[in-house]
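In my numbering, the protein residues as written are 1 to 229. By construction, the Cβ of each residue, glycine as well, lies at the ideal position given by its N, Cα and C atoms. Source: prediction; values computed, not measured. To keep things clear, I will list the structure first and then write my remarks on it.
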Ligand SMILES: Nc1ncnc2c1ncn2[C@@H]1O[C@H](COP(=O)(O)OP(=O)(O)O)[C@@H](O)[C@H]1O
Ligand SMILES: [Mg+2]
């Protein structure tokens with residue numbers, strides 16, 4: 001059984017230990033703080049490639065101001081670049097945009113598996129796996145990339161929105177409040193931690209609080225969040 005330590009947001013971010021090749025999964029209802037967490041964790045990694053799936057997003061503009069470079073296609077990337085936003089332009093129709101995104105992300109994932117050391121940020125994994133039909137690619141990347149020191153970070157609103165191996169294959173798992181019984185049940189899949197504790201804690205979190213679980217170990221931290229900068 002694991003002890004739950006309560007730490008502040010600032011202390012957590014400062015002390016977070018994360019090695020290249022260790023995947024991350026974050027599960028939070030909309031508005032809880034997934035993107036905010038990702039934004040705060042971006043500087044921990046290099047060779048970041050952020051998959052821009054939305055038509056527009058405050059975060060994209062923020063990271064572009066902070067040195068990220070926008071690319072339409074992974075083919076435009078000539079050598080390793082530290083901070084990339086892969087974000088295709090909107091096409092005339094939704095289905096053309098979806099086709100362009102599918103092509104751009106599939107191509108990127110296919111090249112990332114034959115290179116080493118990338119960090120792939122996927123804010124909405126459900127969109128990639130269900131809307132764009134890239135579930136197989138995503139699953140493959142989570143299962144195979146660790147061995148080439150590449151990292152995958154996936155966010156989702158509910159555990160069922162992630163391909164099963166994403167939760168199982170992530171070293172660092174972040175869970176926000178959930179009152180959904182099926183979601184609480186799903187959380188029992190996370191190894192190393194007593195399922196009852198995870199379920200009970202997940203019910204009683206405050207809106208911006210999360211449980212952090214490091215797999216393959218026994219560490220479990222409950223973070224009491226304060227407003228991040
Ligand atoms: N730890 C936190 N403490 C206080 N406010 C937070 C925290 N995390 C996120 N927020 C606020 O909640 C809102 C939604 O956060 P966001 O990261 O966009 O959520 P998500 O990506 O899960 O939908 C933002 O306005 C953000 O500033
Ligand atoms: Mg978000």
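Exposure of residue i, with buried meaning 16 or more beta-carbon neighbours within 10 Å
{"i": "residue 201", "result": "buried"}
{"i": "residue 212", "result": "buried"}
{"i": "residue 169", "result": "buried"}
{"i": "residue 93", "result": "exposed"}
{"i": "residue 58", "result": "exposed"}
{"i": "residue 228", "result": "exposed"}
Opening and closing residue of the alpha helix (DSSP H) in which residue i lies
{"i": "residue 231", "result": "With the chain represented from 1 up to 229, any question about residue 231 goes unanswered, as that position is not in the structure."}
{"i": "residue 5", "result": "Here residue 5 belongs to no alpha helix (DSSP H); instead the beta strand (DSSP E) covers 5-8."}
{"i": "residue 112", "result": "94-112"}
Neighbourhood of residue i by C-beta, 8 Å cutoff - its chain only, sequence neighbours within 5 removed
{"i": "residue 187", "result": "159, 175, 178, 195, 198, 199 and 202"}
{"i": "residue 223", "result": "6, 7, 8, 9, 12, 209, 210, 211 and 212"}
{"i": "residue 23", "result": "142, 145, 146, 151, 152, 153, 154, 166, 169, 170, 171 and 172"}
{"i": "residue 162", "result": "25, 27, 125, 126, 129, 154 and 156"}
Cβ-heavy atom distance, residue i to ligand 2, below 7 Å
{"i": "residue 34", "result": "yes"}
{"i": "residue 123", "result": "yes"}
heavy atom of ligand 1 below 7 Å from residue i C-beta
{"i": "residue 178", "result": "no"}
{"i": "residue 31", "result": "yes"}
{"i": "residue 220", "result": "no"}
{"i": "residue 28", "result": "yes"}
{"i": "residue 208", "result": "yes"}
{"i": "residue 227", "result": "yes"}
{"i": "residue 9", "result": "yes"}
Where the beta strand (DSSP E) through residue i begins and ends
{"i": "residue 82", "result": "Run containing residue 82: none; DSSP gives neither H nor E here."}
{"i": "residue 156", "result": "151-156"}
{"i": "residue 172", "result": "172-176"}
6 Å CB neighbourhood of residue i in its chain, flanking five on each side removed
{"i": "residue 1", "result": "Unreliable placement is indicated for residue 1, whose pLDDT of 46 sits below 50; no coordinate value is reported for it."}
{"i": "residue 25", "result": "154, 166, 167, 170 and 173"}
{"i": "residue 109", "result": "137 and 141"}
{"i": "residue 44", "result": "18"}
{"i": "residue 236", "result": "Lying before the first or after the last residue shown, residue 236 is absent from the chain, which here runs from 1 to 229."}
Own chain, CB closer than 7 Å to residue i, minus 5 neighbours either side, in chain order
{"i": "residue 106", "result": "134 and 137"}
{"i": "residue 90", "result": "55 and 97"}
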